[in-house]
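> Residue numbers (the numbering used here): 10 to 171.
The beta-carbon is built from N, C-alpha and C at its ideal position, and this holds for glycine as well.
The structure under discussion is supplied below as structure tokens; questions concerning it will follow.
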Amino acid sequence: MGKKLAENPIVIVIGLLASIIAIYSFVTGKQSIRPPIVEISPAPSLSADLSIENIAFCESQFFDDTHDVCSVSQEVIPQGTSIIYVSWTYKGNYSGEYTRRWYGNGVYLDNLTRPDQKWGADGETDYTYVSYQKGLVAGDYKLEFRLNADNGVIASAGFTVR
């Protein structure tokens with residue numbers, strides 16, 4: 010599974026340093042050298058300044074290339090559709106990683122992570138699309154937005170394929 014603690018290179022180096030400090034203290038009669046104290050502050054709240062709204066799904070013919078937004082939000086999409094667009098409005102000042110997770114009939118489908126995405130605070134839109142060469146099969150699909158991949162869901166929406 011993993012290395013034993015005694016075989017870990019970091020543990021070996023720390024052990025060697027501790028031995029050197031102990032020998033130095035014994036030989037010189039001086040107190041051991043103390044490492045500097047490092048204060049660790051808690052991580053800032055991740056979702057305090059970010060919201061995602063107006064999530065819309067659409068087929069290609071309903072996607073507005075000029076404004077990068079779905080002009081019609083489709084709750085039902087025909088079976089066999091090969092490209093689905095999704096657009097959303099975001100508000101807030103968040104700099105960091107976020108993840109879009111797709112689910113089909115409750116089963117995890119794909120993990121699309123975008124690192125270091127910086128968003129403005131003025132309600133801009135963003136979009137993405139997914140392409141299924143064989144076309145989407147009938148079922149319920151859901152998209153979740155998460156901060157830093159494993160944190161809680163900050164927004165989600167879905168559509169049905171019939």
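By how many angstroms is the C-alpha of residue 100 removed from the C-alpha of residue 75?
Taking the sequence shown and counting its residues from 1, the one referred to as residue 75 is at position 66. Taking the sequence shown and counting its residues from 1, the one referred to as residue 100 is at position 91. Between residue 75 and residue 100, the C-alpha separation is close to 21 Å.
> Determine the direct distance from the alpha carbon of residue 165 to that of residue 64, and round the result to whole angstroms.
Looking up residue 64 in the sequence shown gives position 55. Looking up residue 165 in the sequence shown gives position 156. If you take the alpha carbons of residue 64 and residue 165, they lie about 8 Å apart.
> I need the straight-line Cα distance from residue 90 to residue 81, nearest angstrom please.
Residue numbering aside, residue 90 sits at position 81 when the sequence shown is read from its first letter. Residue numbering aside, residue 81 sits at position 72 when the sequence shown is read from its first letter. For residue 90 and residue 81, the distance between alpha carbons rounds to 16 Å.
> To the nearest angstrom, how far is it from the Cα of residue 55 to the Cα of residue 156?
For this step, residue 55 is matched to residue 46 along the sequence shown. For this step, residue 156 is matched to residue 147 along the sequence shown. Note that residue 55 scores a pLDDT of 47, beneath 50, so its modelled location is shaky and nothing firm can be said.
> Sorted by chain position, which residues of the same chain lie with C-beta nearer than 7 Å to residue 140's C-beta, five sequence neighbours on each side aside?
Counted from its first residue, the sequence shown places residue 140 at position 131. So the qualifying residues of the chain are 91, 92.
> Quick one: using the 10 Å Cβ neighbour count with 16 as the cut-off for buried, is residue 78 buried or exposed?
Locating residue 78 in the sequence shown gives position 69, where the first residue counts as 1. By the C-beta density criterion, residue 78 is buried, having at least 16 other C-beta atoms within 10 angstroms.
> In whole angstroms, what is the alpha-carbon distance linking residue 163 and residue 143?
By 1-based counting over the sequence shown, the position of residue 163 is 154. By 1-based counting over the sequence shown, the position of residue 143 is 134. Approximately 31 Å between the Cα atoms of the pair.
> Report the CB separation of residue 146 from residue 116 in whole angstroms; it is logged as a contact under 8 Å.
As a working mapping, residue 146 is identified with position 137 in the sequence shown. As a working mapping, residue 116 is identified with position 107 in the sequence shown. Not a contact, Cβ separation roughly 12 Å.
> Along the chain, where does the beta strand (DSSP E) that runs through residue 155 open and close?
Position 146 of the sequence shown, counting from 1, holds the residue named residue 155. Per DSSP, residue 155 belongs to the beta strand (DSSP E) from 148 to 156.
> I need the DSSP call for residue 193, collapsed to helix, strand or coil.
Because the chain spans 10 through 171 in this model, residue 193 falls outside it and cannot be assessed.
> Verify whether the separation of the beta carbon atoms of residue 174 and residue 135 is less than 8 Å.
Outside the shown range of the chain (10 to 171) lies residue 174, about which nothing can therefore be said.
> Evaluate residue 85 with the Cβ neighbour count: other Cβ atoms within 10 Å of its Cβ, from every protein chain shown; 16 or more gives buried, anything less gives exposed.
Here residue 85 refers to the residue found at position 76 when the sequence shown is read from its first residue. Classification for residue 85: exposed.
> Alpha carbon to alpha carbon, how far is residue 149 from residue 137?
Translated into positions along the sequence shown, residue 149 becomes position 140. Translated into positions along the sequence shown, residue 137 becomes position 128. Each residue's alpha carbon lies about 19 Å from the other.
> Quick one: give me the first and last residue of the beta strand (DSSP E) that residue 134 is part of.
As a first step, residue 134 must be located in the sequence shown, where it is residue number 125. Its beta strand (DSSP E) spans residues 133 to 140.
> In three-state DSSP terms, what is residue 69?
The count along the sequence shown starts at 1 and reaches residue 69 at position 60. Reduced to three states, the DSSP call for residue 69 is helix.
> Can you tell which of 73, 83, 72, 108 has its C-alpha closest to the C-alpha of residue 61?
Counted from its first residue, the sequence shown places residue 61 at position 52. The candidate whose alpha carbon is nearest that of residue 61 is 108.
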